[in-house]
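Peer 1: Throughout the sequence shown, residue numbering follows full-length UniProt numbering, covering 1 to 76 in sequence.
Beta carbons: idealized from backbone N, C-alpha and C, even for Gly.
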Amino acid sequence: MDNGAPIFPVNCRELSPVPGVTPKIYHHSLIAELGRDIARYREFVLFHGDYVHIDYVIAYHRYDGGQKLHMADSPV
1 MDNGAPIFPV NCRELSPVPG VTPKIYHHSL IAELGRDIAR YREFVLFHGD
51 YVHIDYVIAY HRYDGGQKLH MADSPV
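(1) How many Å lie between Y63 and F44 at the Cα?
(2) Within 6 Å: the Cβ of I25 and any heavy atom of the ligand NAD?
(3) Could you spell out where the beta strand (DSSP E) holding F44 opens and where it closes?
(4) Please name the residue in S16, L46 and H61 whose C-alpha comes closest to that of I54.
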């Protein structure tokens with residue numbers, strides 16, 4: 001979905017406005033897809049603390065078949 005338009009028009013604290021919308025509404029988040037630099041999972045980035053509300057924290061272990069996977073930097 002990358003159209004080549006700049007996502008930070010002025011600074012890194014506000015994303016660009018949604019094109020074709022009046023009044024002006026700014027994008028509120030980014031999704032960083034898996035790729036060369038992101039190997040584990042998709043990242044969801046929000047730029048305003050007012051948009052974040054944590055109701056639950058979910059912890060999980062990854063398995064490959066019956067074998068529990070360990071990350072190199074994980075103490076468990």
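Peer 2: Considering the structure as presented:
(1) Spanning the two alpha carbons is a distance of roughly 23 Å.
(2) Ligands in the displayed structure: none, and consequently the ligand NAD is not present.
(3) Element bounds for F44: E43 to L46.
(4) Checking every option, the nearest Cα to that of I54 belongs to L46.
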